[in-house]
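Q: The structure's right below; bear with me while I get my questions together.
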Amino acid sequence: MDTNTAILLTMIIPAAAAAGNLLLRNHANLRDWMTLSAAVATFSCVLVILSNVGSSTTTAYELFEVFPGLSIAFNVEPLGLMFAIIASGLWILTHIYGVGYMRGNKEEHHARFFASFSLAISAVMGLAFSSNMFTLFLFYEIITLSTYPLVTHKGTPEALRGGRTYLGILMGTSIALLLVGIVWTYTATGTLDFTQGGILQGHISGWMVPVMLGLYAFGIGKAALMPFHRWLPAAMVAPTPVSALLHAVAVVKAGVFTMLKVGIYIFGIDFLAETGASEWLMWLAAYSIIAASIVAMTKDNLKARLAYSTISQLSYITLGMALATSMGALGGGVHIAMHAMGKITLFMCAGVIYVVTHKTNVSQMNGLGRKMPIVYISFLVAALSIIGLPPLGGSVSKHLLLVGAADTGQQIMYWVLMLSSVLNIVYLLTIVGRGFFATSDDLQAGEAIKVPLLLWVPPALTAAGCVVLFFYGHGLEQFLMPIVGAAH
Numbered sequence: 062m063d064t065n066t067a068i069l070l071t072m073i074i075p076a077a078a079a080a081g082n083l084l085l086r087n088h089a090n091l092r093d094w095m096t097l098s099a100a101v102a103t104f105s106c107v108l109v110i111l112s113n114v115g116s117s118t119t120t121a122y123e124l125f126e127v128f129p130g131l132s133i134a135f136n137v138e139p140l141g142l143m144f145a146i147i148a149s150g151l152w153i154l155t156h157i158y159g160v161g162y163m164r165g166n167k168e169e170h171h172a173r174f175f176a177s178f179s180l181a182i183s184a185v186m187g188l189a190f191s192s193n194m195f196t197l198f199l200f201y202e203i204i205t206l207s208t209y210p211l212v213t214h215k216g217t218p219e220a221l222r223g224g225r226t227y228l229g230i231l232m233g234t235s236i237a238l239l240l241v242g243i244v245w246t247y248t249a250t251g252t253l254d255f256t257q258g259g260i261l262q263g264h265i266s267g268w269m270v271p272v273m274l275g276l277y278a279f280g281i282g283k284a285a286l287m288p289f290h291r292w293l294p295a296a297m298v299a300p301t302p303v304s305a306l307l308h309a310v311a312v313v314k315a316g317v318f319t320m321l322k323v324g325i326y327i328f329g330i331d332f333l334a335e336t337g338a339s340e341w342l343m344w345l346a347a348y349s350i351i352a353a354s355i356v357a358m359t360k361d362n363l364k365a366r367l368a369y370s371t372i373s374q375l376s377y378i379t380l381g382m383a384l385a386t387s388m389g390a391l392g393g394g395v396h397i398a399m400h401a402m403g404k405i406t407l408f409m410c411a412g413v414i415y416v417v418t419h420k421t422n423v424s425q426m427n428g429l430g431r432k433m434p435i436v437y438i439s440f441l442v443a444a445l446s447i448i449g450l451p452p453l454g455g456s457v458s459k460h461l462l463l464v465g466a467a468d469t470g471q472q473i474m475y476w477v478l479m480l481s482s483v484l485n486i487v488y489l490l491t492i493v494g495r496g497f498f499a500t501s502d503d504l505q506a507g508e509a510i511k512v513p514l515l516l517w518v519p520p521a522l523t524a525a526g527c528v529v530l531f532f533y534g535h536g537l538e539q540f541l542m543p544i545v546g547a548a549h
């Protein structure tokens, strides 16, 4: 299969699965097997692209021209290919988990749920393979619109309020800020193509550079940079499979992926370093890392705690770009993969706890680790990866970010990352400690709580993935080297 055909199929197959879910709404087993098959087929197409291209960058494949110089076009480059591998691969596990969750929790409207889920994956694939900012913006908006029904799935007043916050912030920032930045870029340069080294140097200068960066940074609301972060905690009203993939991987990672693409291919790392235009963003990212961690420590609701943890961890990636060093950008890219594997595990474990015990607050979870050890061990492994301890994947990306911070001479950024790890320990390991060592009058001594197979296997596998990524972390760093113009 040629690469361009495979790119199109990564979008067409999930979109077809969305339609298939609606057509098979009354045939639950057939519908779920069809969606699983689509997920496997999509992942297979991405692997074909990897086999064909490796870490090379392909020429743009123009689907059609919208305006002179503005086309819907796709290509492959290492950062986008890595993102596509993560999202499509984890779709398989999350679908299996989602079936177990939706049935175990007796949720309604399964067909609509999995249709929206599949459509969102289709948009993520389009975003990952976009060859210009115009194409990326269109798929960025489709991701927002396709995930709104997932956030409001339960139809409760709380879900509808969360959905309004979600849609209002993400659409508001992208239209009022991001679109303005894109139009300004096109006016200044005559192109929106992603180009090695950036396209803005020689076209804007002085005060315009940090101002334009501000339009992009705040316009990319999915990156959850403070103060435009409230949509993410609000979206936690969604069923946990949504939180697991779309808010631990696809939606939030679409934001920081876009942030990296803008920094590397629109501004250019060297241009940012020469102008110092990203220094303010570096400080804001550092503030978001610490502030969100402190808020996470105050949250008793487990999903809310994990949501603020995500806000903090996303700012690691923004900080990596804002450092304007090759190592910082590489660290941000690697952290997309490492954080995705760890955080999806944590959210899945939170969903398992809710389905089998209906407990949502950390203070209610004393002793549960002894009743469901596999779930809590999976949570522990993922938490240690988020903290950045070897031999787990999170230690690789955190090391690269620490080196990137050291390269800038900004020692305070180094210590921000170290302090963040300490705060991670406080708000994550206390959950595990309560589970294994605290006692509860609500739990009877004796047999473990029975957890359905479809619920415990996926987080166990992603927890194992955190270990595997540690040993392949250097290979992933080498794979991403071309995005900063470095040879293998």
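With this note's numbering applied, the sequence shown corresponds to residues 62 to 549, in that order.
Beta carbons are placed, not taken as given, at the ideal position from N, Cα and C, and that holds for glycine.
Computed from a predicted structure; not experimentally measured.
Starting from the Cα of S117, find the closest Cα among L140, P129, L97, F125 and give me that residue.
A: Reading the sequence shown from its first residue, position 56 is the one you call residue 117. Here the closest residue by C-alpha is L140.
Q: Helix, strand or coil: which one does DSSP assign to D254?
A: Residue 254 sits at position 193 when you count from the first residue of the sequence shown. Strand.
Q: With H, G and I counted as helix, E and B as strand and the rest as coil, what does DSSP make of V109?
A: Position 48 of the sequence shown, counted from the first residue, corresponds to residue 109. Of the three classes helix, strand and coil, the one that applies to V109 here is helix, per DSSP.
Q: Where do the ends of the beta strand (DSSP E) carrying G134 lie?
A: Translated into the one-based positions of the sequence shown, residue 134 becomes position 73. For the sequence presented, residue 134 should be read as Ala rather than Gly. Per DSSP, A134 belongs to the beta strand (DSSP E) from 131 to 135.
Q: What residue range is occupied by the uninterrupted beta strand (DSSP E) comprising L199?
A: Translated into positions along the sequence shown, residue 199 becomes position 138. Not the beta strand (DSSP E): L199 falls in the alpha helix (DSSP H), residues 194 to 212.
Q: Helix, strand or coil for Q471? Go by DSSP, reduced to three states.
A: The residue given as residue 471 occupies position 410 in the sequence shown. Residue state, collapsed to three classes: coil.
Q: Along the beta strand (DSSP E) that carries F128, what are the first and last residues, could you check?
A: Taking the sequence shown and counting its residues from 1, one reaches residue 128 at position 67. Looking at the DSSP string, the run of the beta strand (DSSP E) that includes F128 is 122 to 128.
Q: Tell me the DSSP secondary structure of I260 in three-state form.
A: As a working mapping, residue 260 is identified with position 199 in the sequence shown. I260 falls in the coil class under three-state DSSP.
Q: Contact check, V395 vs E202 under 8 Å by CB: the rounded distance?
A: In the sequence shown, residue 395 corresponds to position 334, counting from 1. In the sequence shown, residue 202 corresponds to position 141, counting from 1. Going by Cβ atoms, the distance from V395 to E202 rounds to 27 Å, so no, they are not a contact pair.
Q: Apart from the five residues on each side of it in sequence, which residues of its chain come closer than 6 Å, Cβ to Cβ, to A189?
A: Taking the sequence shown and counting its residues from 1, one reaches residue 189 at position 128. Here the set comprises G141, F144, A145.
Q: Go through the stretch 302 to 371 residue by residue and report every complete run of the alpha helix (DSSP H) that reaches 4 residues or more, in order.
A: Within the stretch 302 to 371, the complete alpha helix (DSSP H) runs of at least 4 residues are 312 to 322, 330 to 336, 340 to 359.
Q: Check the DSSP bridge columns for N422 and list the partner residues they point to.
A: The residue labelled residue 422 in the question sits at position 361 within the sequence shown. Its beta-bridge partners are N362.
Q: Between the C-alpha atoms of G216 and A467, what's the straight-line distance to the nearest angstrom?
A: Within the sequence shown, the letter at position 155 stands for residue 216. Within the sequence shown, the letter at position 406 stands for residue 467. Approximately 48 Å, taken between the alpha carbons.
Q: In or out: F540 buried (at least 16 other Cβ within 10 Å) or exposed?
A: As a position in the sequence shown, residue 540 is number 479, starting the count at 1. Per the 10 Å Cβ criterion, buried.
Q: Go ahead and label Q374 buried or exposed: buried means 16 or more other beta carbons lie within 10 angstroms of its beta carbon, across all protein chains shown.
A: Here residue 374 is taken as the residue at index 313 of the sequence shown, counted from 1. By the 10 Å Cβ count, Q374 comes out buried.
Q: DSSP state of I265, grouped into three classes?
A: Looking up residue 265 in the sequence shown gives position 204. Strand at I265.
Q: Any idea if S446 is buried or exposed, counting beta-carbon neighbours within 10 angstroms, 16 or more meaning buried?
A: Here residue 446 refers to the residue found at position 385 when the sequence shown is read from its first residue. S446 is buried by the Cβ-count criterion.
Q: Got a sec? Which residues, its chain only, sit under 6 Å from L261 by beta carbon, not counting five neighbours each side?
A: The residue given as residue 261 occupies position 200 in the sequence shown. Correct list, in chain order: F328.
Q: Given V312, which residues of its chain have a CB within under 7 Å of its CB, disregarding the five upstream and five downstream residues?
A: Within the sequence shown, the letter at position 251 stands for residue 312. Only I204, T208, K283 meet the Cβ criterion.
Q: Which word fits F198, buried or exposed, when buried means at least 16 other C-beta atoms lie within 10 angstroms of its C-beta?
A: Position 137 of the sequence shown holds residue 198. That one is buried.
Q: Near D63, which residues of its chain fall below 8 Å by C-beta distance, leaving aside the five closest residues on each side in sequence?
A: Here the question's residue 63 lines up with position 2 in the sequence shown. The residues are N113.
Q: So what's S116 in DSSP terms, helix, strand or just coil?
A: Taking the first residue of the sequence shown as 1, we reach residue 116 at position 55. DSSP places S116 in coil when its eight states are reduced to three.
Q: With C-beta atoms as the reference, is S458 less than 8 Å away from L450?
A: Along the sequence shown, one-based indexing puts residue 458 at 397. Along the sequence shown, one-based indexing puts residue 450 at 389. No. Outside cutoff.
Q: Where does S501 sit, in a helix, a strand or coil, going by DSSP?
A: Here residue 501 is taken as the residue at index 440 of the sequence shown, counted from 1. It is coil, neither helix nor strand.
Q: Mind checking which residues open and close the alpha helix (DSSP H) that includes S149?
A: Position 88 of the sequence shown, counted from the start, is the residue given in the question as residue 149. Element bounds for S149: 139 to 165.
Q: For the alpha helix (DSSP H) holding S439, just list the boundary residues, first then last.
A: Taking the first residue of the sequence shown as 1, we reach residue 439 at position 378. In the DSSP assignment, S439 falls within the unbroken alpha helix (DSSP H) covering 434 to 448.
Q: Looking at the strands, I want to know which residues DSSP matches up with S191.
A: To locate residue 191, count along the sequence shown from 1; it is residue 130. In the DSSP output, where bridge partners are listed per residue, S191 has F135.
Q: For the pair the stretch 518 to 529 and the stretch 477 to 488, tell me if three or more CB-CB distances fall below 8 Å.
A: no
Q: Closest to G165 by CA distance: which of K511, C106, L206 is it?
A: Stepping through the sequence shown from its first residue, residue 165 is reached at position 104. Considering only alpha carbons, the answer is K511.
Q: Between the stretch 270 to 283 and the stretch 123 to 131, do at least 3 Cβ pairs fall closer than 8 Å?
A: no
Q: Do F531 and L453 have their C-beta atoms closer together than 8 Å?
A: Residue numbering aside, residue 531 sits at position 470 when the sequence shown is read from its first letter. Residue numbering aside, residue 453 sits at position 392 when the sequence shown is read from its first letter. F531 is a Cβ neighbour of L453, given a cutoff of 8 Å.
Q: Would you kindly work out how many angstroms separate the C-alpha atoms of T256 and S192, rounded to a whole number?
A: Indexing the sequence shown from 1 puts residue 256 at position 195. Indexing the sequence shown from 1 puts residue 192 at position 131. Their Cα atoms are separated by approximately 9 Å.
Q: Quick test of the definition: if touching needs 3 or more C-beta pairs under 8 Å, does the stretch 300 to 314 touch the stretch 379 to 395?
A: no
Q: Considering only residues of the stretch 384 to 408, which uninterrupted beta strand (DSSP E) runs meet the minimum length of 3 residues and lie entirely inside it, listed in chain order?
A: As far as the stretch 384 to 408 is concerned, it has no whole beta strand (DSSP E) run of at least 3 residues.
Q: Going by the beta-carbon positions, is the gap between L515 and Y158 smaller than 8 Å?
A: Taking the first residue of the sequence shown as position 1, residue 515 is located at position 454. Taking the first residue of the sequence shown as position 1, residue 158 is located at position 97. Yes, they are a contact pair.
Q: Would you report the Cα separation of M559 and L239, rounded to the nearest angstrom?
A: This structure leaves residue 559 out entirely; the chain is present only between 62 and 549.
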